[in-house]
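The structure under discussion appears below in the form of structure tokens.
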Amino acid sequence: MKKFTSLKNYISYIVIGLVTVICVILSLSGVLKASTAILLEEIAIKIMLAVSLSLVVGFLGELSLGHAGFMCVGAYLGGKVAYVLTQQLGEDDPILNIVILVIALVVGGICAGICGFLIGLPALRLRGDYLAITTLAFGEIVRTIFLNTSEESFGGPIGLPTPRFNKEWFYVICFIMVLITLFVIQNLIRSKHGRAIKAIRDNEIAARATGINVTRYKLIGFILSAVFAGLAGVLYSYTKFNVSSQIFDYNYSIEILVIVVLGGMGNIGGSIISAVLVTFLNRELANILTGNLAVLKDIIYAVILIGIVIYRNAPGLKNFREKYNLKKLFSKKKKTAEVTSDTVAKEEN
Amino acid sequence: MAEIKKIYAEDGREIVLKADHLCIQFGGLKAVDNVNLEIKKGELYGLIGPNGAGKTTVFNLLTGVYKPTLGRFYLCGEDLTGKAPAEMNKKGIARTFQNIRLFNNLTVIENVMVGLANQIPCNLVQSVLRLPRHRKSEKEYYERALELLKVFKLDEYKDYLAANLPYGKQRKLEIARAMATNPKLLLLDEPAAGMNPNETQELMDVISFIRKEFDITILLIEHDMRLVGGICEKLTVLNFGTELAVGETSEVLNNPEVIKAYIGE
């Protein structure tokens, strides 16, 4: 059974592990800048969001536009728990900090998972555009609820104060969480359960007739996706002094969706690479486009997304697509991460 | 728990499927009206009739896509009326579709492995944590799927995407996937539709082979009279949702009523 143990299956773990180790070495030798550490945290959070959304959009085949909503739940509830616990127990002891973080992650993950379950229920009856609208509404409702809370509870418009994990190596924790996310979701996809989920995407009627419990797998997909978005939310709340509900708006969900589509539907490796690229691009654009020009950022996303859709489907580009087919390039060259990032970049142009 | 009481025919053979006065009504339209079926173990039973006679609707009733308005049906004596499709499959009714429904973005072998999923238990936690149970079951899925593909002579295509198979092979793959769920009764909805004579002949051989090899009962809808006359033992002819004729193949096909329904007077 060489098929099940080939190196290809582990490449994403290896790459992320290596990146983390290199960063740790760099930061120990004092080369890593604090701003780079923050960028790494952002990248890790985006990867978690993209991979978890990919489970619903890429593998289950349902369009979800409310991913930021799940993240919002995780950020607020996990962040609140962490804040209260830190205030009660003090913030000096590093081990205590880790324990609080773990508790916050558990709380945020579970609460987001419950929301995922609630969104999964209508998803059993709705499909396509209608489900997209439902998830979109969910995201906005969650955000609005937290915006209208009182100052003592969740901070309302001022935002929720959170315990800043005042260590420069917080990105290591973020990357460990990325590895956990990848471990769970990839193992799920590469099992009989993953095959069932993909079968539902390809043909729901045939899936039922083949004895697949569609209800169960759809709920599993939505819940797991929401749990990891919630975990990403908790990490996010830790990277900010103050969580503002304004962040988790429609555009944020779209941004995650753009990452997933850019990386290729049902392609976790692609999602990771595009998460890195988009987050990096995002920061560079934010540096360049200031003031009134900031709006351009969203336009650039939209243009990229439209470009990809046209590239994928336009009949006129068929020859070009076949000539530069990703899979063909893969089979010719050695499968390395560099090749993938090159080809994704090519696709972007 | 409903009582399971096996039913036997007069000649002592077990009756696998017994449908009792099945009716379904869509608004004012009686799509299937009072259809009775009695299929013995190991039999190859044909369901024929002109277009719109309600043949596929009978299949949809038997696989839980629709719930019958009236009537019940029993698989090996167990009342399955009104169960959900996935449940029907677990109980032992597998089907293929008139318009092929494969999992197009899965490979050929994965399609069959999906069908095997209920045969070998392995829960979510075991899969995610990659426990030994998972490896063992994955290996078993793979090997059993490969075996099945060999029966259907599809093993050389195992790593193709299902969508990329030629039409005739897609039909065969659909049957292979249905067989993977280890059914007692296999429902084939126009398996020879769109096939050329060579492919049809090949398909007839495959059907005869799996019938012997897996000791399975088959109910089949077909328009190709050569296929029906060649392999079916008994027939039920439907016309406008009602039974027109029931009996041995040769006598049904010579029944003047049946000829009239098919080609007019």
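In order, the protein sequences belong to chains A and B. In this text, residue positions in the first sequence follow the working numbering: the first is 1, and each later residue adds one. In this text, residue positions in the second sequence follow the working numbering: the first is 350, and each later residue adds one. We treat Cβ as the ideally placed atom computed from N, Cα and C, and that holds for glycine. Quantities reported herein were computed from a predicted structural model and do not represent experimental measurements.
Secondary structure within the stretch 420-493 of chain B: the beta strand (DSSP E) runs of 3 or more consecutive residues, fully enclosed, are 442-444 (chain order). Straight through space, the alpha carbons of B/N460 and B/A512 are spaced by roughly 11 Å. Chain B places a beta carbon closer than 9 Å to that of A/K192, counting this residue as a contact.
Here B/L411 is actually not in contact with B/I388; their C-beta atoms are around 11 Å apart, not less than 8 Å.
When DSSP states are grouped into helix, strand and coil, A/H193 belongs to the helix group.
Just so you know, the alpha carbons of B/L514 and A/P157 end up roughly 57 Å apart. Annotated three-state conformation of A/H67 is helix, per DSSP.
Taking the beta carbon of A/V184 as reference, the chain B residues within 8 Å of it are V477, listed in sequence order.
In the DSSP assignment, A/V295 falls outside any alpha helix (DSSP H) and carries neither an H nor an E.
In this structure, the beta-carbon distance from A/R125 to A/G69 does not fall below 9 Å.
For B/Q550, the enclosing alpha helix (DSSP H) covers residues P546 to F563.
B/G464 sits away from B/A433, with the two beta carbons spaced by 9 Å or more. Where A/A209 is concerned, the enclosing alpha helix (DSSP H) starts and stops at E204 to A209. Here B/F375 is exposed, its C-beta having fewer than 16 other C-beta atoms within 10 Å. Straight-line measurement puts the Cα of B/L386 at about 18 Å from the Cα of B/V607. From the listed residues A/S27, A/N9, A/L63 and A/K8, the smallest Cα separation to A/F222 is found for A/L63.
The DSSP assignment places complete beta strand (DSSP E) segments of no fewer than 3 residues inside the stretch 362-411 of chain B at 364-375, 378-389 and 393-397, in order along the chain. Taking 9 Å as the cut-off, the beta carbon of A/G233 is found closer than this to the beta carbon of A/G79. Counting only the Cα atoms, B/L455 lies some 8 Å from A/A199.
DSSP places B/K583 in the strand class (E or B) of the three-state scheme. Under the three-state reduction of DSSP output, B/I356 falls in the coil class, being neither helix nor strand.
It is roughly 20 Å from the alpha-carbon of A/F138 to the alpha-carbon of A/G159. Taking the Cβ atoms as the reference, A/I220 lies roughly 7 Å from B/L473, within the contact range of under 8 Å.
Between the stretch 583-600 of chain B and the stretch 421-431 of chain B there are fewer than three inter-stretch CB-CB distances shorter than 8 Å, so the stretches are not counted as touching. As DSSP reads the structure, A/A37 sits in no beta bridge. Contact check for B/G517 against B/M544 passes: the beta carbons are separated by less than 9 Å. Among the CB atoms of chain B, one or more fall inside 9 Å of the CB of A/K198. Contact with chain A is found for B/C471, since one of that chain's Cβ atoms lies less than 9 Å from the residue's Cβ. Contact with chain B is absent for A/L289, since none of that chain's Cβ atoms lies less than 9 Å from the residue's Cβ. Residue pairing from DSSP places B/L535 in a beta bridge opposite B/A443 and B/I567.
Going by C-alpha positions, A/S150 is about 20 Å away from A/M71.
Under DSSP, the beta-bridge partners assigned to B/N588 are B/T591. Using a CB distance cut-off of 9 Å, B/L568 does not count as an interface residue toward chain A.
Among the bridge pairs identified by DSSP, A/N251 is matched with none. DSSP places A/G221 within a helical segment (H, G or I) once states are collapsed to three. The C-alpha of B/I449 is placed about 15 Å away from the C-alpha of B/E571.
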